[in-house]
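The structure appears right after this line, and notes come after that.
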Amino acid sequence: MTTTQEFFAPCPRGLEGPLAAELEKLGAASIEPTDGGVGFAGDLALCYRVNLWSRVASRVLWRLAEQSYRSEEDIYRAALALPWPSHFNVEQTFRVKVSAIKCPLRSLDFVTLRIKDAICDKFRTSGGERPSIDTAAPDMRIYAFLTADRVSLYLDTSGEPLFKRGYRKEQGEAPLRENLAAGILHLAGWQPGMPLLDPMCGSGTFLIEAAQMALNIAPGSERWFAFEHMKNFDAATWDKIYQEATIAELPKTPLPIYGSDVSSTVLMAARANLATAGLEEVVTLKQINLLDVTPPAPTGVLVTNPPYAIRIGEQEEMAQLYPRIGDLLKQKFGGWRACFLSADMRLAKLIRLSVSRRIPLYNGALDCRLFVYDMVAGSNRKEKKSDGAVPNSVPQ
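In structure tokens:
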């Protein structure tokens with residue numbers, strides 16, 4: 000367990016900074032943020048901890064090889080050289096996923112096929128049998144990432160994406176991924192103990208992520224991981240890490256975390272998810288129209304993901320709503336920080352407030368901005384900061 004290994008943790012684009020800070024706290028070394036994720040080093044015990052504790056990562060990939068290539072056969076030989084039978088059993092299924100940037104090869108599908116062939120050939124030479132492919136629910140996931148002249152091969156230690164915490168039973172029309180919500184709370188400057196309000200709470204993702212942070216509940220405590228089914232799995236080390244996390248949880252008492260929505264159906268979904276997470280008595284929910292919301296404390300953080308306007312009528316409705324939201328913030332939320340995640344780039348103009356920060360983020364493939372407003376009583380003068388796009392260069 001003490002041998003240093005190299006890993007890569009993909010994350011929603013725009014959250015590389017929060018993920019790097021998280022990895023540093025967990026004890027990772029050689030932390031290298033890049034577009035769409037963070038590379039790091041450590042032993043397999045660290046890999047277990049990151050899977051259990053990371054709120055921002057999408058998964059944890061164990062890098063088995065990186066080398067130059069010129070053809071598909073070079074990639075085949077790189078995959079064939081790896082000791083796949085020492086990582087998983089022939090009875091276990093696997094899947095290969097390939098992504099690339101500036102790759103000169105004609106077909107990524109053919110590259111995928113050659114990697115599959117190499118893995119199966121390795122098993123055949125070692126034991127005479129080959130594992131089966133399962134593209135829907137494989138036991139093991141292998142990732143390959145190609146640049147113009149280098150190939151990296153990874154074994155996924157997470158299994159299902161880490162944003163699948165296990166508490167979401169109900170979701171709205173445009174669900175916010177759990178790790179994106181956690182990263183936004185970090186970018187918003189929210190800390191446990193601060194009042195938090197989501198006035199358009201949807202399925203309650205911001206509320207649940209904040210409550211888990213405040214109670215020091217490991218986000219992966221209610222799920223399993225692929226590393227538990229690998230040949231080198233150290234059950235004793237994992238049990239110790241998991242038990243330490245369980246002991247570190249704080250008692251579930253009411254927190255200054257508040258959610259509201261105008262829809263009773265939406266609130267039912269939020270309550271169901273809170274109940275699944277065991278947090279129904281921790282978070283306060285209320286049915287109320289957004290424009291009638293009042294601050295639950297003198298200061299705090301308001302964070303929300305407004306509905307996305309797709310049709311023309313919806314766009315006109317949101318365009319009329321934004322100025323009224325601005326008026327609400329000016330009149331009632333002095334001393335608060337208000338944060339809106341939106342794919343509607345008109346929000347900053349139509350809300351008629353000076354934006355403090357404008358942070359590029361992606362909700363899946365959807366290009367969004369986190370608009371941050373620091374509301375000062377009687378004034379709202381803040382410098383506008385530059386905008387920018389985050390290119391997609393790594394697999395999610």
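Numbering follows numbering that gives the first Met the number 0, in which position 329 of the sequence shown is assigned residue number 328; successive positions increment by one, without gaps.
From the three backbone atoms N, C-alpha and C, an ideal C-beta is built for every residue, glycine too.
Small disclaimer: the values here were computed from a predicted structure and weren't measured.
Measure the CB-CB distance between residue i and residue j and report whether it falls below 8 Å.
i, j, result
"Glu-15", "Gly-36", "yes"
"Leu-301", "Leu-365", "no"
"Tyr-47", "Ile-216", "no"
"Asn-304", "Ile-207", "no"
"Lys-348", "Pro-294", "no"
"Tyr-361", "Pro-84", "no"
"Phe-93", "Ile-118", "yes"
"Glu-65", "Arg-149", "yes"
"Leu-152", "Asn-178", "no"
"Ser-40", "Ser-29", "For clarity, residue 40 is Ala in the given sequence; the question names Ser instead. Against a cut-off of 8 Å, the Cβ pair of Ser-29 and Ala-40 comes out as a contact."
"Leu-104", "Glu-71", "yes"
"Phe-205", "Leu-184", "yes"
"Arg-336", "Asp-291", "no"
"Thr-33", "Ile-100", "no"
"Val-55", "Leu-79", "no"
Look at the alpha carbon of residue i and the alpha carbon of residue j, and state the distance between them as a whole number of angstroms.
i, j, result
"Pro-322", "Ser-53", "37 Å"
"Ala-209", "Pro-191", "7 Å"
"Ile-141", "His-228", "14 Å"
"Leu-284", "Leu-266", "8 Å"
"Leu-289", "Arg-222", "35 Å"
"Pro-9", "Leu-327", "37 Å"
"Arg-351", "Arg-113", "55 Å"
"Pro-137", "Val-95", "10 Å"
"Ser-157", "Ser-125", "26 Å"
"Ala-235", "Asn-50", "16 Å"
"Gln-91", "Gly-13", "35 Å"
"Asp-133", "Met-139", "9 Å"
"Ser-341", "Cys-367", "5 Å"
"Ala-20", "Leu-60", "18 Å"
"Ala-274", "Ser-220", "16 Å"
"Ala-27", "Ile-287", "44 Å"
"Gly-403", "Gly-325", "The shown model of the chain, from 0 to 395, leaves out residue 403, and the question about it has no answer."
"Phe-122", "Pro-306", "50 Å"
"Gly-201", "Phe-224", "28 Å"
"Gly-188", "Phe-109", "46 Å"
"Gly-203", "Phe-370", "20 Å"
"Ile-256", "Met-193", "8 Å"
"Phe-7", "Arg-62", "7 Å"
"Leu-25", "Leu-45", "8 Å"
"Thr-3", "Leu-22", "15 Å"
"Met-317", "Met-199", "14 Å"
"Thr-268", "Pro-174", "Sequence check: residue 268 is Ala here, not Thr. Answer to the nearest angstrom: the Cα atoms are 12 Å apart."
"Gly-277", "Lys-163", "16 Å"
"Ala-244", "Leu-254", "20 Å"
"Leu-214", "Gly-363", "28 Å"
Does residue i pass the burial test, meaning 16 or more other C-beta atoms within 10 Å, or should it be called exposed?
i, result
"Ser-259", "buried"
"Lys-115", "buried"
"Phe-226", "buried"
"Arg-69", "exposed"
"Leu-345", "Per the sequence presented here, residue 345 reads as Arg, with Leu not at that position. The residue is exposed, with fewer than 16 neighbouring Cβ atoms inside 10 Å."
"Ala-296", "exposed"
"Val-375", "exposed"
"Gly-38", "buried"
"Ser-106", "exposed"
"Gly-299", "buried"
"Pro-82", "exposed"
"Ala-77", "buried"
"Ser-263", "exposed"
"Ser-385", "Residue placement at Ser-385 is poorly supported in this model, since its pLDDT is 38, which falls under 50; the coordinates still yield a value, given next. Flag for Ser-385 reads exposed."
Select from the options the residue whose C-alpha is nearest the C-alpha of residue i.
i, options, result
"Cys-338", "Leu-145, Gly-182, Glu-23, Arg-69", "Gly-182"
"Thr-252", "Glu-280, Glu-159, Gly-334", "Glu-280"
"Lys-230", "Arg-58, Leu-154, Leu-369, Glu-128", "Leu-154"
"Leu-249", "Met-212, Pro-255, Ile-256", "Met-212"
"Cys-102", "Ala-78, His-86, Ser-67", "Ser-67"
"Gly-127", "Arg-176, Val-89, Phe-224", "Val-89"
"Pro-409", "Leu-104, Asp-108, Phe-109, His-86", "As displayed, the chain neither begins before 0 nor continues past 395, which places residue 409 out of reach and without an answer."
"Trp-315", "Val-292, Leu-63, Asp-343, Arg-105", "It should be noted that the sequence gives Glu, not Trp, for residue 315. The option with the nearest alpha carbon to Glu-315 is Asp-343."
"Phe-144", "Gln-242, Pro-174, Ser-98, Glu-23", "Ser-98"
"Glu-159", "Lys-168, Leu-175, Thr-146, Ala-135", "Ala-135"
"Asp-233", "Ile-358, Asp-42, Leu-18, Glu-23", "Asp-42"
"Arg-396", "Gln-242, Ser-353, Lys-168", "Residue coverage of the chain in this structure runs from 0 to 395, which leaves residue 396 outside it and unanswerable."
Requested in this report: Just list the beta strand (DSSP E) runs in the region 160–216, keeping only unbroken ones of 3 residues or longer that don't cross its boundaries, in chain order.
Outcome: 195–197
Query raised in the report: In chain order, which beta strand (DSSP E) runs of at least 3 residues are fully inside the region 68–114?
Result: 93–99
Query - alpha helix (DSSP H) runs wholly inside the region 283–356, at least 4 long, in chain order - result: 311–331, 346–349
Report task. Would you mind listing the alpha helix (DSSP H) stretches within the region 222–267 that are 4+ residues and don't spill past its ends, in chain order? Result -> 234–247
Query raised in the report: At what residue ranges does the region 42–71 contain a whole run of the beta strand (DSSP E), taking only runs of 3 or more?
Result: 60–67
Report task. Would you list, in sequence order, the uninterrupted beta strand (DSSP E) runs of no fewer than 3 residues that lie entirely inside the region 18–45? Result -> 28–33, 36–41
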